[in-house]
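Trainee: I have a structure here, written as structure tokens, and I will follow up with some questions on it.
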Amino acid sequence: MDTAEAPVVVRDVNFFVENAAMGQFVSVEIVGRNRDTFKTRLLGCRSGGYLILEIPGLLEAGNVRTQLIPGREVIVRTICEKTTGDCMGFYSSVIDVVRVPYPIVFIKFPTEVETRELRVEKRLPTWIPGALYMKEGESELAGTITDLSSGGCRFELHVDEAVVRIKAKSLYLRYTDPETGQETKRLCEVCSQRRLAGTQMSIGFSFMPEMRQTA
Numbered sequence: 002m003d004t005a006e007a008p009v010v011v012r013d014v015n016f017f018v019e020n021a022a023m024g025q026f027v028s029v030e031i032v033g034r035n036r037d038t039f040k041t042r043l044l045g046c047r048s049g050g051y052l053i054l055e056i057p058g059l060l061e062a063g064n065v066r067t068q069l070i071p072g073r074e075v076i077v078r079t080i081c082e083k084t085t086g087d088c089m090g091f092y093s094s095v096i097d098v099v100r101v102p103y104p105i106v107f108i109k110f111p112t113e114v115e116t117r118e119l120r121v122e123k124r125l126p127t128w129i130p131g132a133l134y135m136k137e138g139e140s141e142l143a144g145t146i147t148d149l150s151s152g153g154c155r156f157e158l159h160v161d162e163a164v165v166r167i168k169a170k171s172l173y174l175r176y177t178d179p180e181t182g183q184e185t186k187r188l189c190e191v192c193s194q195r196r197l198a199g200t201q202m203s204i205g206f207s208f209m210p211e212m213r214q215t216a
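Residue 2 is where the sequence shown starts when you use our numbering, and the numbers rise one by one after that.
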């Protein structure tokens with residue numbers, strides 16, 4: 002697997018399920034001269050047995066879908082969504098394809114996973130109350146910053162059961178800086194989001210250039 006730096010190799014069979022979340026996006030590369038790739042979602046797995054991936058439509062994946070046949074080798078790349086946010090990847094092969102009622106592909110469960118750090122800056126675990134809003138003066142959504150760096154953060158909040166995802170691409174985040182004690186407002190880009198247990202949602206933000214800070 003091509004990487005700029007030497008990756009860390011993990012041979013723990015439970016590593017993938019401990020770090021990946023169902024529904025997260027993955028990139029699949031068909032091993033071969035053309036190195037065709039497509040993006041899809043992780044639908045399920047059986048630890049030590051197989052992973053289940055959604056087969057995207059023709060517009061998203063083109064004719065790459067026809068290469069998904071039993072025995073075809075693939076490279077899967079994704080992130081440690083549950084934990085560090087590091088990049089992870091592994092070699093696998095197609096077990097079988099199911100077309101009805103929904104097109105899905107079964108691939109072999111990874112026994113060896115390569116990881117490498119994705120973020121330049123480490124995020125520190127925190128527990129900082131905060132609030133999200135679209136515009137000044139509009140209603141706010143209260144929650145907690147659970148990790149933080151100068152470049153971004155992870156924010157957890159309670160949402161209604163019917164809410165699947167936040168539609169906004171950017172939001173303002175307001176919180177009290179634990180070091181200065183000042184109220185801080187940052188414009189944030191939504192990078193990732195997923196439902197946790199019950200009505201809890203986790204959103205990964207990167208801080209955008211426009212920043213405002215008030216005493």
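Think of the CB as a built atom: it goes at the ideal place given N, C-alpha and C, for glycine as much as any other residue.
(1) What span of residues does the beta strand (DSSP E) with E190 cover, start to end?
(2) Is R229 helix, strand or coil by DSSP?
(3) Report all residues from its chain with a CB closer than 7 Å to the CB of I76; omit the five preceding and five following residues, and keep chain order.
(4) Note the first and the last residue of the continuous alpha helix (DSSP H) segment covering K60.
(5) Report the three-state DSSP secondary structure of V65 (helix, strand or coil).
(6) Using DSSP bridges, identify the partner residues of S151.
(7) Beta carbon of L174, beta carbon of G138: below 8 Å?
(8) Anyone know if the C-beta pair for Y51 and I108 falls short of 8 Å?
(9) Give a yes or no on whether the C-beta atoms belonging to T147 and T127 are separated by under 8 Å.
(10) Give the DSSP-derived three-state secondary structure of F110 in the structure shown.
(11) So V18 is in the alpha helix (DSSP H); what residue range does that whole segment cover?
(12) Please state the DSSP three-state secondary structure of V11.
(13) Let's test the definition: count the other Cβ atoms within 10 Å of the Cβ of T181 and tell me whether it reaches 16, buried, or not, exposed.
(14) Quick one: is E141 buried, meaning 16 or more other Cβ sit within 10 Å of its Cβ, or exposed?
(15) Per DSSP, what are the beta-bridge partners of M202 in this structure?
(16) Which residues in the same chain have their Cβ closer than 7 Å to the Cβ of I53, if we skip the five residues on either side of it in sequence?
(17) Beta-carbon separation of E115 and A22 under 8 Å?
(18) Which residues does DSSP pair with I76 in a beta bridge?
(19) So what's P126 in DSSP terms, helix, strand or just coil?
(20) Taking the straight line between their C-alpha atoms, what separation do you get for T38 and E184?
Mentor: Quick answer:
(1) Taking the sequence shown and counting its residues from 1, the one referred to as residue 190 is at position 189. Taken as a continuous stretch (DSSP letters only), the beta strand (DSSP E) holding E190 covers 184-196.
(2) An answer regarding residue 229 cannot be provided, because it is not within the stretch 2 to 216 covered by the chain.
(3) Stepping through the sequence shown from its first residue, residue 76 is reached at position 75. These residues qualify, in order along the chain: M2, E30, V32, G90, Y92.
(4) Taking the first residue of the sequence shown as 1, we reach residue 60 at position 59. Note on residue identity: the sequence assigns Leu, not Lys, to residue 60. L60 -> alpha helix (DSSP H) spans 59-62.
(5) The sequence position of residue 65 within the sequence shown is 64, counting from 1. Note: V65 maps to helix in three-state DSSP.
(6) On the sequence shown, residue 151 is found 150 positions in, with the first residue counted as 1. Answer by DSSP bridge pairing: none, since S151 is not bridged.
(7) Counted from its first residue, the sequence shown places residue 174 at position 173. Counted from its first residue, the sequence shown places residue 138 at position 137. Going by C-beta atoms, L174 is not nearer than 8 Å to G138.
(8) On the sequence shown, position 50 is the one that residue 51 refers to. On the sequence shown, position 107 is the one that residue 108 refers to. A contact, by the Cβ cut-off of 8 Å.
(9) For the purposes of this step, residue 147 is identified with residue 146 of the sequence shown, where counting begins at 1. For the purposes of this step, residue 127 is identified with residue 126 of the sequence shown, where counting begins at 1. Contact: yes.
(10) What you label residue 110 is simply residue 109 of the sequence shown in a count that begins at 1. Reduced to three states, the DSSP call for F110 is coil.
(11) Along the sequence shown, one-based indexing puts residue 18 at 17. It spans 16-20 - the alpha helix (DSSP H) in which V18 sits, taken as one unbroken run.
(12) Along the sequence shown, one-based indexing puts residue 11 at 10. In the structure shown, V11 sits in a strand (DSSP, three-state: E or B).
(13) For this step, residue 181 is matched to residue 180 along the sequence shown. It counts as exposed.
(14) The residue given as residue 141 occupies position 140 in the sequence shown. With fewer than 16 Cβ atoms within 10 Å of its Cβ, E141 is classed as exposed.
(15) Locating residue 202 in the sequence shown gives position 201, counting from the first residue. M202 has L158, R196 as its beta-bridge partners, per DSSP.
(16) Start at 1 with the first residue of the sequence shown, and residue 53 comes out as number 52. L44, G45, C46, I105, F107, listed in sequence order.
(17) Against the sequence shown, residue 115 aligns to sequence position 114. Against the sequence shown, residue 22 aligns to sequence position 21. Taking 8 Å as the cut-off, the beta carbon of E115 is found no closer than this to the beta carbon of A22.
(18) For the purposes of this step, residue 76 is identified with residue 75 of the sequence shown, where counting begins at 1. According to DSSP, I76 bridges with E30, Y92.
(19) Reading the sequence shown from its first residue, position 125 is the one you call residue 126. In the structure shown, P126 sits in a strand (DSSP, three-state: E or B).
(20) As a first step, residue 38 must be located in the sequence shown, where it is residue number 37. As a first step, residue 184 must be located in the sequence shown, where it is residue number 183. Roughly 44 Å between the two C-alpha positions.
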